[in-house]
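> Please see the structure below; I have some questions.
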Amino acid sequence: MYSEDNTIPPLGEPDLDLTITYEDGLRYAAYRLKMFGRGELKPFCDARGLPYTTLVNLKNGNLKTEEIRLVLRLLRHLDVPVELTRIAPDSNIHRFVFPNRELLDKFQATLKCFDGGVSPLEKSKHEQSKS
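Written as C-alpha coordinates, this is what we have:
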(Lines of atoms letter the chains of each structure in order from A and count residues from 1; the text may use other names and numbers.)
(Lines give C-alpha, C1' and ligand atoms only; values in the text may rest on other atoms or scores of the structure.)
Protein backbone atom coordinates (compact mmCIF):
# COMPACT_ATOMS: atom_id res chain seq x y z
CA MET A 1 0.00 0.00 0.00
CA TYR A 2 1.31 3.44 -0.90
CA SER A 3 1.44 6.30 1.53
CA GLU A 4 -0.17 9.56 0.48
CA ASP A 5 3.19 11.09 -0.44
CA ASN A 6 4.22 8.02 -2.50
CA THR A 7 7.38 7.39 -0.42
CA ILE A 8 7.11 3.62 -0.80
CA PRO A 9 8.68 2.64 -4.11
CA PRO A 10 6.83 0.25 -6.42
CA LEU A 11 7.80 -3.40 -6.32
CA GLY A 12 9.53 -4.15 -9.59
CA GLU A 13 9.99 -7.45 -11.34
CA PRO A 14 13.09 -9.28 -10.06
CA ASP A 15 16.03 -9.50 -12.46
CA LEU A 16 16.83 -13.22 -12.57
CA ASP A 17 20.32 -12.37 -13.86
CA LEU A 18 21.00 -10.93 -10.40
CA THR A 19 20.02 -14.05 -8.46
CA ILE A 20 21.72 -16.89 -6.66
CA THR A 21 20.31 -20.24 -5.65
CA TYR A 22 19.28 -21.18 -2.13
CA GLU A 23 22.19 -23.65 -2.14
CA ASP A 24 24.72 -20.89 -2.92
CA GLY A 25 23.28 -18.70 -0.17
CA LEU A 26 23.36 -21.61 2.27
CA ARG A 27 26.95 -22.51 1.38
CA TYR A 28 28.11 -18.90 1.76
CA ALA A 29 26.33 -18.59 5.11
CA ALA A 30 27.95 -21.80 6.38
CA TYR A 31 31.43 -20.59 5.35
CA ARG A 32 30.87 -17.26 7.07
CA LEU A 33 29.67 -18.95 10.26
CA LYS A 34 32.85 -21.06 10.25
CA MET A 35 34.86 -17.83 10.39
CA PHE A 36 33.51 -17.01 13.85
CA GLY A 37 35.96 -17.59 16.68
CA ARG A 38 35.25 -19.91 19.56
CA GLY A 39 32.42 -18.50 21.67
CA GLU A 40 31.51 -15.72 19.19
CA LEU A 41 28.51 -17.33 17.48
CA LYS A 42 26.21 -17.45 20.52
CA PRO A 43 26.43 -13.68 21.25
CA PHE A 44 25.98 -12.96 17.51
CA CYS A 45 22.79 -15.05 17.51
CA ASP A 46 21.48 -13.63 20.78
CA ALA A 47 21.98 -10.02 19.66
CA ARG A 48 20.07 -10.64 16.42
CA GLY A 49 17.37 -13.02 17.62
CA LEU A 50 18.71 -15.89 15.51
CA PRO A 51 18.32 -19.52 16.64
CA TYR A 52 21.75 -20.61 17.85
CA THR A 53 21.25 -24.39 17.61
CA THR A 54 19.86 -24.16 14.08
CA LEU A 55 22.79 -21.99 12.98
CA VAL A 56 25.25 -24.47 14.47
CA ASN A 57 23.51 -27.17 12.43
CA LEU A 58 23.66 -24.93 9.34
CA LYS A 59 27.37 -24.31 9.91
CA ASN A 60 28.03 -28.04 10.23
CA GLY A 61 25.87 -29.02 7.24
CA ASN A 62 23.29 -30.78 9.42
CA LEU A 63 20.05 -28.95 8.60
CA LYS A 64 17.12 -31.35 8.46
CA THR A 65 14.96 -29.14 6.22
CA GLU A 66 15.42 -26.13 3.96
CA GLU A 67 15.56 -22.97 6.05
CA ILE A 68 14.96 -20.42 3.30
CA ARG A 69 13.80 -17.52 5.47
CA LEU A 70 16.47 -18.17 8.09
CA VAL A 71 19.19 -18.12 5.41
CA LEU A 72 17.69 -14.86 4.10
CA ARG A 73 17.81 -13.29 7.58
CA LEU A 74 21.33 -14.58 8.18
CA LEU A 75 22.63 -13.28 4.85
CA ARG A 76 21.21 -9.85 5.64
CA HIS A 77 22.88 -9.91 9.07
CA LEU A 78 26.12 -10.81 7.28
CA ASP A 79 25.74 -7.65 5.14
CA VAL A 80 24.57 -9.47 2.01
CA PRO A 81 21.66 -7.28 0.82
CA VAL A 82 19.38 -9.82 -0.84
CA GLU A 83 15.64 -10.22 -1.26
CA LEU A 84 13.78 -13.49 -1.68
CA THR A 85 11.76 -14.40 -4.77
CA ARG A 86 10.12 -17.46 -6.26
CA ILE A 87 10.85 -18.41 -9.84
CA ALA A 88 7.11 -18.79 -10.55
CA PRO A 89 4.00 -18.14 -8.45
CA ASP A 90 3.25 -21.85 -7.89
CA SER A 91 6.89 -22.87 -7.61
CA ASN A 92 8.76 -23.96 -4.51
CA ILE A 93 12.05 -22.85 -6.07
CA HIS A 94 13.36 -19.76 -4.32
CA ARG A 95 16.20 -17.47 -5.37
CA PHE A 96 18.00 -14.66 -3.59
CA VAL A 97 18.04 -11.42 -5.61
CA PHE A 98 20.83 -8.84 -5.40
CA PRO A 99 20.09 -5.15 -6.00
CA ASN A 100 22.90 -4.76 -8.56
CA ARG A 101 25.59 -6.57 -10.55
CA GLU A 102 28.47 -5.19 -8.45
CA LEU A 103 27.19 -6.78 -5.23
CA LEU A 104 26.42 -10.06 -6.99
CA ASP A 105 29.93 -10.17 -8.49
CA LYS A 106 31.47 -9.48 -5.08
CA PHE A 107 29.39 -12.26 -3.52
CA GLN A 108 30.34 -14.74 -6.26
CA ALA A 109 34.05 -13.88 -5.98
CA THR A 110 33.92 -14.41 -2.22
CA LEU A 111 32.06 -17.71 -2.61
CA LYS A 112 34.63 -18.84 -5.17
CA CYS A 113 37.41 -18.13 -2.65
CA PHE A 114 35.56 -20.12 0.01
CA ASP A 115 34.99 -23.02 -2.40
CA GLY A 116 38.70 -22.97 -3.24
CA GLY A 117 39.62 -23.25 0.42
CA VAL A 118 40.94 -19.69 0.65
CA SER A 119 39.55 -17.01 2.92
CA PRO A 120 38.68 -13.86 0.95
CA LEU A 121 40.68 -11.98 3.60
CA GLU A 122 43.79 -14.04 2.81
CA LYS A 123 43.29 -13.52 -0.92
CA SER A 124 43.08 -9.74 -0.50
CA LYS A 125 46.23 -9.71 1.63
CA HIS A 126 48.05 -11.91 -0.91
CA GLU A 127 47.02 -9.69 -3.84
CA GLN A 128 48.16 -6.54 -1.99
CA SER A 129 51.60 -8.05 -1.32
CA LYS A 130 52.02 -8.72 -5.06
CA SER A 131 51.54 -5.02 -5.85
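According to the working numbering, the sequence shown is numbered sequentially starting from 971.
Ideal Cβ positions, reconstructed from N, Cα and C, are used throughout, including at glycine.
Owing to the predicted nature of the structure, the values given are computational and were not obtained by experimental measurement.
(1) Among the residues of its own chain, which have a CB less than 6 Å from the CB of His-1047, if the five just before and after it don't count?
(2) With a threshold of 16 other CB atoms inside 10 Å of the CB of Ala-999, please say whether the residue is buried or exposed.
(3) Kindly list the residues whose CB is nearer than 7 Å to the CB of Leu-1003, restricted to its own chain and excluding five residues on each side of it in sequence; keep chain order.
(4) Asn-1032: which of Gly-1086, Val-1050, Arg-997 sits nearest, CA to CA?
(5) In the DSSP output, which residue or residues are listed as bridge partners for Val-1067?
(6) Just checking, does the segment 982 to 993 make contact with the segment 1066 to 1081 on the three C-beta pairs under 8 Å criterion?
(7) Leu-1044 and Val-1052 look like a contact to me (Cβ under 8 Å); what is the Cβ gap, rounded to whole Å?
With the structure as the only source:
(1) Answer for His-1047: Arg-1018, listed in chain order.
(2) Burial call: buried.
(3) For Leu-1003, where only same-chain residues beyond five positions count, the Cβ hits under 7 Å are Leu-1011, Leu-1025, Leu-1028, Lys-1029.
(4) Ranked by Cα distance from Asn-1032, the first of Gly-1086, Val-1050, Arg-997 is Arg-997.
(5) The secondary-structure analysis by DSSP pairs Val-1067 across a beta bridge with Thr-989, Glu-1053.
(6) In the pairwise beta carbon analysis, the segment 982 to 993 is classified as touching the segment 1066 to 1081: at least three pairs are separated by under 8 Å.
(7) About 11 Å; that fails the 8 Å criterion.
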